[in-house]
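Residue numbers 265 to 702, in the working numbering, belong to the letters of the sequence shown in order. Here's the structure, in structure tokens; my notes come after.
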Amino acid sequence: MAAHVSSSTRNAALDNLRVVAMFLGLVTHGVLPYTASGLVGFPVRDHTHHLAADACYFAVHDFRMQLFFVLAGFAASALAARRGARELARNRILRVALPLALAILIVCPSLHFVFAHHATLRGAVWDSADVGGWIGPNFHLWFLYYLLMCCVPLLALFALKERFPVHLTQAFDALVRRILRSRVKVPVAATLTVPLMWDMSTWWIDTPKGWAPELAVLAYYLGFFFVGALLYRHRDALAGVGRRWRLHLAVANLVVLPVMLKLTISGNWVEEVVRGVPPAWLVVWKAVAIFLGGLYTWLMIGGLIGLFQQHFAGTGPRWKYLADASYWCYLAGFPVQAVFQVVFASITFPMVAEFLLVNALTFAVLLTTYELCVRYTWIGLLLNGKRPERKVEVHVEPIVIATRVRVPEAPACRETVRRPEPARANRYYVLSSSANSA
């Protein structure tokens, strides 16, 4: 299963896109206290609610994690192709499984404490057993958990790749290239999401809450993961995936998203009222809403890949710093943000201003703690696989030594005055001139 193009395994555009997608988590978690539809449950409830918060949440939620799994599949396939399945397994144990285990012991109890305190202030009771047990729900850590499960079949494929018949591998590669170059790949992919999401609790992708794997959710994200793995294998076609990125982003946000939000939010309300066997019109309604959700997801993924390939494919110290900090910000971001949300929940503040302030404070705390407590410590080594050395700048000021030097005075010089010539010369000249003229 050799790659089709050069052996380069790093793609700066996709690395930068991953950084942005990671920090978009602050947006999805940040708007949850202000949602007004009642369809998205969240332990912290602010005094201000608006459907615009629901729209913002779904606009990011319906592509962000799917994009993450595409990028994760691309990176995992790149690592396995370069260093083998054994190194991929070792890397995922050290970089994913071990941080996940530590986060379960630290992050989950911290979030439970914050949410339980907020529930007490509201006169409610926070019962973790209702949402996954004493260490559950897994909150935002479900991503690492499902990422580990997605890596298992990929490891099996790389371990057994030499046993696949060559003609079957070539036929499969030809089929994948044909799909990637097809103009109907996005509608076809959106159609495939309908049966995967049909039995979920809502009309959009479920967020796993417990540690028992939800097979429908796993199958859904496994599809995106293997799309990313195939994109690495056929990365010569990556430019074609995002070639029409302007059109994809425009159609996704100006056409598909508004219709999808209207059908999804109102359809879930109607479904709660209708009991028993749903009528045919509601079945069609749900199928169209799920299809539009899948269409929006794939349009956004292709559009963002194209956008970053064209405009954000460069590397630099800022991108490198944010890339290294993003893993820490993912793990610690939710607890820090939840603390600020609880603090501001009882304060009368404009919704947009409060949202921006909470996110700005969260971002500042995360980058500060990363620089002071993570970057140069064992935590940074655990998360990023390396620990940069501190740069110590030594400023040497020049030393100026003043020495008094006695310079002898120069002897006084007399001014020489040139006297005019005697007057007789002038008289001679005049007399001579007069004689000649006569």
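Heads up, the beta-carbon is just placed ideally off N, CA and C, and yes, glycines get one too. In this text the structure is predicted, and so the values were computed from the model without any measurement.
Would you check if the distance between the CB atom of Val308 and the CB atom of Pro297 is smaller than 8 Å?
Yes.
Excluding five sequence neighbours on each side, which residues of the same chain lie with their C-beta closer than 7 Å to the C-beta of Leu636?
For Leu636, same chain residues with a beta-carbon under 7 Å away, outside a window of 5 residues either side, do not exist.
Give a yes or no on whether 8 Å exceeds the smallest Cβ distance from Val334 to chain C.
Among the chains in the structure shown there is no chain C, since it carries only a single protein chain.
With 16 as the cutoff for other CB atoms within 10 Å, does Leu343 come out buried or exposed?
Counting Cβ neighbours within 10 Å, Leu343 comes out buried, since at least 16 surround it.
For the stretch 458-477 against the stretch 550-563, do three or more pairs of beta-carbon atoms, one drawn from each stretch, fall closer than 8 Å, so that the two count as touching?
The answer is yes - the stretch 550-563 touches the stretch 458-477, with three or more Cβ pairs under 8 Å.
Met464 - DSSP class collapsed to helix/strand/coil:
DSSP places Met464 in coil when its eight states are reduced to three.
Determine the closest residue to His313 out of Thr612, Val519 and Asn648, with distance taken between C-alpha atoms.
A check of alpha carbon separations from His313 across Thr612, Val519 and Asn648 identifies Thr612 as the nearest.
Cβ atoms of His498 and Leu444: under 8 Å apart, would you say?
By the CB criterion at 8 Å, Leu444 and His498 fall inside the cutoff.
Please look up how many angstroms separate the CB atoms of Ala602 and Asp310, rounded, as I've assumed it's under 8 Å.
Wrong, their Cβ atoms sit about 12 Å apart, outside the cutoff.
My output table needs one value for Glu536: the three-state DSSP class, helix, strand or coil.
Per DSSP, reduced to three states, the secondary structure at Glu536 is helical.
Out of Val600, Asn517 and Gly531, which one is the CA nearest neighbour of His376?
If we check each option's Cα against that of His376, Val600 comes out closest.
Hey, is the stretch 568-578 in contact with the stretch 471-489, meaning 3+ C-beta pairs nearer than 8 Å?
Between the stretch 568-578 and the stretch 471-489, the count of Cβ pairs shorter than 8 Å is below three; the stretches do not touch.
Suppose only complete runs of 4+ residues qualify. What are the alpha helix (DSSP H) ranges in the stretch 519-579, listed by chain order?
Secondary structure in the stretch 519-579: the alpha helix (DSSP H) runs of 4 residues or longer, each lying completely within the stretch, are 521-537 and 544-575 in chain order.
Which of the three DSSP states, helix, strand or coil, is assigned to Ala420?
Helix, per DSSP.
Tyr496 versus Ala339 - alpha carbon distance
Answer to the nearest angstrom: the Cα atoms are 8 Å apart.
Any 3 or more C-beta pairs closer than 8 Å across the stretch 477-487 and the stretch 405-423:
Enough Cβ pairs lie closer than 8 Å, so yes.
Measure the CB-CB distance between Val378 and Val324 and report whether it falls below 8 Å.
No; because the gap between Cβ atoms is not below 8 Å, this pair is not in contact.
Taking the alpha helix (DSSP H) that Phe436 belongs to, which residues open and close that run?
Segment Val430 to Arg445, the alpha helix (DSSP H) holding Phe436.
Cβ distance (whole Å) where Leu527 is taken to contact Leu502 below 8 Å:
Beta-carbon to beta-carbon, Leu527 and Leu502 are separated by about 32 Å, too far to satisfy the 8 Å threshold.
Since Leu335 and Arg282 are thought to touch, with beta carbons under 8 Å apart, how far apart are those beta carbons, to the nearest angstrom?
Confirmed, about 5 Å.
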